[in-house]
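Engineer: Residue numbers (this note's numbering), protein chains in the order written: chain A, 895 to 1150; chain B, 895 to 1150; chain C, 895 to 1150; chain D, 895 to 1150. Idealized CB from N, CA, C, for every residue including glycine. Sending over a structure as structure tokens; questions will come in a sec.
4 protein chains.
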Amino acid sequence: MKMQKLNGYTLITYKDLTLRNGVLVQGLPGIGLVGKIAVDYIVSSLNLEKVAEIIGPGIMLPSGNVGVYVTNEGWLQLPSYKFYVYNGSERDILFLTSEVQPATWAQHEVAERVLDLFVSMGGREVVGVCGTAVEEPEARVYYALASGTVIDKLEALGARRSGGGTITGACGLLPALASLRGLDAFVLMGSTQTSEPNFIAAKEVITALSKLYGLNVNLEEIEKVIAKIKEKEEEALRIAETAKQKEGEQFPSWYV
Amino acid sequence: MKMQKLNGYTLITYKDLTLRNGVLVQGLPGIGLVGKIAVDYIVSSLNLEKVAEIIGPGIMLPSGNVGVYVTNEGWLQLPSYKFYVYNGSERDILFLTSEVQPATWAQHEVAERVLDLFVSMGGREVVGVCGTAVEEPEARVYYALASGTVIDKLEALGARRSGGGTITGACGLLPALASLRGLDAFVLMGSTQTSEPNFIAAKEVITALSKLYGLNVNLEEIEKVIAKIKEKEEEALRIAETAKQKEGEQFPSWYV
Amino acid sequence: MKMQKLNGYTLITYKDLTLRNGVLVQGLPGIGLVGKIAVDYIVSSLNLEKVAEIIGPGIMLPSGNVGVYVTNEGWLQLPSYKFYVYNGSERDILFLTSEVQPATWAQHEVAERVLDLFVSMGGREVVGVCGTAVEEPEARVYYALASGTVIDKLEALGARRSGGGTITGACGLLPALASLRGLDAFVLMGSTQTSEPNFIAAKEVITALSKLYGLNVNLEEIEKVIAKIKEKEEEALRIAETAKQKEGEQFPSWYV
Amino acid sequence: MKMQKLNGYTLITYKDLTLRNGVLVQGLPGIGLVGKIAVDYIVSSLNLEKVAEIIGPGIMLPSGNVGVYVTNEGWLQLPSYKFYVYNGSERDILFLTSEVQPATWAQHEVAERVLDLFVSMGGREVVGVCGTAVEEPEARVYYALASGTVIDKLEALGARRSGGGTITGACGLLPALASLRGLDAFVLMGSTQTSEPNFIAAKEVITALSKLYGLNVNLEEIEKVIAKIKEKEEEALRIAETAKQKEGEQFPSWYV
């Protein structure tokens, strides 16, 4: 374990890394939790090793308070940016997730510290993954560009180009700042109708990332979760339907 | 493209510039959008080249969130201070606009970074343009002084001297800080009765700037916009009038 | 005019100063405006020269917005800390006032910049003057101590020792920080029943300062203001009384 | 008295210290005031000497305003972090308390300054003491771990391992940051059902600390306070009971 001070932040390195043609994939809490679910699932499914953490004043509890988590085993844990590495056959991918987005006033400084770290390891390409609110029911993958060099592979992937709007938080900020450093950079968004955790949209993002970077992620677990949620929703529908019919028994429809 | 770090802000220079007897004209969002409309119109009408941008923590989305814009073509764009250059026959003018005013806590540091840049290019004179709320219906141009050296030309212009009050935001702050560096500095304000985007007041400011700095700005487009708005307002009035008359048909006036 | 950068603040010096056994008297807006009225009155009455100003991010418009004042003559004026000098027969006094208190997050850094300046000029003693809310109707002068060296002269003055409580804002902070630098330091408070501008309490503070430092302040003007306010209050009372009597004519008292 | 500037904070040292195998015990205001009562009681009971203070922008009045206290004797007192030393037979303990928790944005920088100071004195072990909200009526001591080296002695103490959750504020943050510096670190929490000052929980914490570090703290005074509070509560209960019975005399129960 190595510790470095970075302008009020602390970088904890568990393993010295050089990335071959490195990619950074960042998935933090946000719309439909799409980005965080996607990255957490890949990390867990590929059993990736945690190689670094960043802690500091702008990375707080989700309540907005400064503080720490206590694990079920009674250990203190600072909210942090956590980095996991995947060594692919051709290039290495650094996955980044956290319990929280940085505080508003800290978004820029935290993003710059992440890029400092990533570039120092040999990073070349930055991807922000998150959700995007849409009206259409189907979950699809949209992309937005910070640099032109990635258009072809995103089009080849079958992702749709995003229309105009805004992306709040770190998902768009990190790639935008990365492109200013000459890195390839873009955003991948899973579309979602609700702000509830959306595992279907996350699965679409996982699939897209897998195609882009040759990941071999087993989707069984997330499909089970999706099936379970679908089942529950259908059961809730059936109950509501039955209730309606019972009401129908008691009150003729013109009565309402 | 050249990048420089400035106390947490990033200056992106697309073109190295030396300004001959340089003027800086800043028009940001504010009362009646007068300043921003004026500068945007001049930049677009004279087809000026973007020469620099400043991004950083205090320049956020208008919602107060950190984040990025996505253009209709799917490109990420950081909210930023954007600089455009006009090479006049005698002196060069740097126009500055943005989608937003800096956050309150960042107004001073952003203004100081702008002045650092401007002075390093050979700048001499700073103008803040914006709207000012008045009760009179006519749009007029008012000025307020940060340095005495500019009185004569502003009086010659036919602008009115502002009475007492306050100017919030960057419009007054930038010239005030500029005068402390020994630059000539003042504010030009287009008077507006409403806080709605006021194109008439903006046109007055454009005309004043054109006279002051020998700009040759074609006003046709802004006049079309003004005419269109006037037409719509008149139509709305006609509809309201007709509605009143119809009411009159149904209910005699003493009935109300 | 000389300009110096101090950690994001700017010190503007109009005149180089060395203070003989220097005293700093700070009176900013606060309870009953007592401190500000007292210092403004002394500065105006003794016609003191402005020798320095401090401007910067924590010194904002009273609205909490960043911005500038426009004088009735159309000049931009940054809200600022303003320093005026009085050359006494034995020691020199620097009076400090402003349109505002610094923002909460800036109180410490602004106070430290003030002390840096004051100590560099040869300052020895710091006085915060302000109001204190009491229930008693009479305006009296209370003192609170940051250093023990000044007790005797404050007791000799006839001021009362303050009881326990808190002093919010710069009035107590500046002397407390000053005493940590080894300066003599205390607070003088004029007691007030209301939070309205209290000229009577301010006059008491002026009188106390005059005795302490041998100032020769003509109190005629402030006594006129006090008399005028008293007159208006009495007239308001008379009107209310008359109104009551008239009501008495119309409605017998048992009717209400 | 020695003063040192630490990134905007001021360290006031009344006595130069080297700690033998030093322990830092921090108890600040928080849930049930448990941590602050415990540390204040030990400091007062063992009559410990104040050896240092930290003041600065993030350490404000509890109201969230910047300002100072005035003691009953009329002395200004800055809110501060106060350090007291206990020289044990084998190791030295530094007790830390304050009137307040640092402002949210200052928690990290204040904690880092405390650790800088503590490490420079030869510190090895950091304990945060505070309250934890539980549903069970009995006051018990829970612990949470920042480093594994302390498990055995905490288990030997008979304290219970905390379950999962969060600890807001400095109580968990300080040990968590300490462990990153290689210090032994943990949290001791007295469980409380209410957010009112809980002297019973504080006594449990005092007892635990006494066992851990061989302190000889006389508990008589805190037991008197506890007995007094119990008495008052019982009296309040009796009054409520009597009132109920009287109501019973006037209104038969079915009437209500």
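Excluding the 5 residues flanking R914(C) on each side, which residues of the same chain have their C-beta closer than 6 Å to its C-beta?
Structural biologist: Answer for R914(C): R985, D986, listed in chain order.
Engineer: Does the beta carbon of L900(B) sit closer than 7 Å to a beta carbon anywhere in chain C?
Structural biologist: With 7 Å as the cut-off, L900(B) does not count as an interface residue toward chain C.
Engineer: What are the residues in the segment 956-985 of chain A lying within 8 Å of chain D by C-beta distance?
Structural biologist: Those residues of the segment 956-985 of chain A that come within reach of chain D (Cβ to Cβ, closer than 8 Å) are S957, G958, N959, V960, G961, V962, Y963, V964, T965, N966, E967, G968, W969, L970, Q971, L972.
Engineer: Assign N941(B) to buried or exposed, taking buried as 16 or more other Cβ atoms, counted over all protein chains shown, within 10 Å of its Cβ.
Structural biologist: Exposed: under 16 other Cβ atoms inside 10 Å.
Engineer: Under the three-state reduction of DSSP, which class applies to Y980(D): helix, strand or coil?
Structural biologist: Looking at Y980(D) - three-state DSSP - the assignment turns out to be strand.
Engineer: Distance check for E1128(B) and S1147(B), CA to CA, integer angstroms please.
Structural biologist: Reliability fails at S1147(B), whose pLDDT of 49 lies under 50, so the model's placement of it is uncertain and the value that follows must be treated cautiously. Going by the C-alpha atoms only, they are around 24 Å apart.
Engineer: My guess is that Y903(C) and G950(C) are in contact by the Cβ rule of under 8 Å, so how many angstroms apart are they, rounded?
Structural biologist: About 3 Å; that satisfies the 8 Å criterion.
Engineer: Check this for me: beta carbons of Y975(D) and S992(D), under 7 Å apart or not?
Structural biologist: In contact: Y975(D) and S992(D) (Cβ atoms closer than 7 Å).
Engineer: At which residues does the beta strand (DSSP E) containing I987(B) begin and terminate?
Structural biologist: From DSSP, the beta strand (DSSP E) with I987(B) extends over 986-992.
Engineer: Which word fits Y1149(B), buried or exposed, when buried means at least 16 other C-beta atoms lie within 10 angstroms of its C-beta?
Structural biologist: Note that Y1149(B) scores 46 on pLDDT, short of 50, meaning its location in the model is unreliable; the coordinates nonetheless yield the value given after this. Classification for Y1149(B): exposed.
Engineer: Only counting the same chain, and skipping five residues up and downstream in sequence, which positions put a Cβ closer than 8 Å to that of A1033(A)?
Structural biologist: Within the same chain, A1033(A) has close Cβ partners G1084, S1085, T1086, N1092, I1094, A1095, K1097, E1098.
Engineer: Show which residues of chain A have a CB atom less than 7 Å away from the CB atom of Q920(D).
Structural biologist: Those within 7 Å of Q920(D) in chain A number zero; the least Cβ separation is about 14 Å.
Engineer: If you reduce the DSSP assignment to three classes, tell me which class D1078(A) lands in.
Structural biologist: In this structure, D1078(A) counts as strand in the three-state DSSP scheme.
Engineer: Write down every uninterrupted run of the beta strand (DSSP E) in the segment 932-956 of chain B whose length is 3 residues or greater and which is fully enclosed by it, in chain order.
Structural biologist: Taking only runs of at least 3 residues, the beta strand (DSSP E) segments lying wholly in the segment 932-956 of chain B are 943-949.
Engineer: Is there a Cβ of chain A sitting closer than 7 Å to that of R1018(D), yes or no?
Structural biologist: Cβ-Cβ to chain A under 7 Å: no for R1018(D).
Engineer: Just checking, does the segment 999-1008 of chain B make contact with the segment 945-959 of chain B on the three C-beta pairs under 8 Å criterion?
Structural biologist: Result yes; three or more Cβ-Cβ pairs closer than 8 Å.
Engineer: At a cut-off of 6 Å, is K944(B) close to the ligand ZN when judged by its beta-carbon and the heavy atoms of the ligand?
Structural biologist: Among the components modelled here there is no ligand, and therefore nothing to report on the ligand ZN.
Engineer: E1098(A) touches chain B at which residues, Cβ-Cβ below 7 Å?
Structural biologist: Within 7 Å Cβ-Cβ: nothing; E1098(A) doesn't reach chain B, min ~18 Å.
Engineer: Let's see if you can read the secondary structure: which residues bound the beta strand (DSSP E) around I906(A)?
Structural biologist: Run containing I906(A): 903-907, per the beta strand (DSSP E) assignment.
Engineer: Report the partner residues of T1086(D) according to the DSSP bridge assignment.
Structural biologist: Bridge partners of T1086(D): A1027(D).
Engineer: Going along the chain, which residues of its own chain have a beta-carbon closer than 6 Å to the beta-carbon of D910(D), five neighbours each way excluded?
Structural biologist: Contacts found: none.
Engineer: Sort out for me which residues DSSP pairs Y1037(D) with in a bridge.
Structural biologist: Note: Y1037(D) sits in a beta bridge opposite R1055(D), L1082(D).
Engineer: Would Q1001(C) pass as an interface residue toward chain D - the criterion being a Cβ-Cβ separation below 7 Å?
Structural biologist: True, the Cβ-Cβ gap to chain D drops below 7 Å.
Engineer: Just verifying my parser: in three-state terms, what is the DSSP assignment at T965(C)?
Structural biologist: Three-state DSSP puts T965(C) in coil, outside helix and strand.
Engineer: On the criterion of 16 or more Cβ atoms from any shown chain inside 10 Å, does G1052(D) qualify as buried, or is it exposed?
Structural biologist: With fewer than 16 other Cβ atoms within 10 Å, it is exposed.
Engineer: I'd like to know if G950(A) contacts chain B, where contact means its C-beta is closer than 7 Å to some C-beta of that chain.
Structural biologist: False, the Cβ-Cβ gap to chain B never drops below 7 Å.
Engineer: Let me see if you follow: with CB-CB separation under 7 Å, is I1116(B) close to chain C or not?
Structural biologist: Not closer than 7 Å to any Cβ of chain C, the Cβ of I1116(B) fails to qualify, so no.
Engineer: Would you call T1026(B) buried or exposed, if buried means 16 or more other Cβ atoms sit within 10 Å of its Cβ?
Structural biologist: With 16 or more Cβ atoms within 10 Å of its Cβ, T1026(B) is classed as buried.
Engineer: Going along chain B in order, which residues have a C-beta closer than 7 Å to the C-beta of Y904(C)?
Structural biologist: Note that residue 904(C) corresponds to Thr in the displayed sequence, not to Tyr. Those within 7 Å of T904(C) in chain B are L1074.
Engineer: So, does the CB of P1146(B) fall closer than 7 Å to a CB anywhere in chain C?
Structural biologist: Confidence at P1146(B) is low in this model, with a pLDDT of 49, below 50, so its placement is unreliable and the value that follows should be read with caution. Not an interface residue.
Engineer: Between R839(C) and I948(C), which are expected to be in contact by the criterion C-beta below 8 Å, what is the C-beta distance as a whole number of angstroms?
Structural biologist: Residue 839(C) lies beyond the range of chain C shown here (895 to 1150); nothing can be said about it.
Engineer: Quick one: is I1058(C) near chain D, going by C-beta distance under 7 Å?
Structural biologist: Residue identity check: residue 1058(C) is Gly in the sequence provided, not Ile. Yes, G1058(C) counts as interfacial toward chain D.
Engineer: Please report the straight-line C-alpha distance between E967(B) and Q995(B), rounded to a whole angstrom.
Structural biologist: Their Cα atoms are separated by approximately 25 Å.
Engineer: Using a Cβ-Cβ cut-off of less than 9 Å, list which residues of the segment 1027-1040 of chain B approach chain C; keep chain order.
Structural biologist: Per Cβ criterion, the list reads Y1036, Y1037, A1038, L1039, A1040.
Engineer: Between the segment 1105-1115 of chain C and the segment 1054-1071 of chain C, can you find at least three pairs of beta-carbon atoms closer than 8 Å?
Structural biologist: With a cut-off of 8 Å, the segment 1105-1115 of chain C and the segment 1054-1071 of chain C do not count as touching, because too few Cβ pairs lie within range.
Engineer: Any idea what DSSP makes of G929(D), helix, strand or coil?
Structural biologist: In this structure, G929(D) counts as helix in the three-state DSSP scheme.
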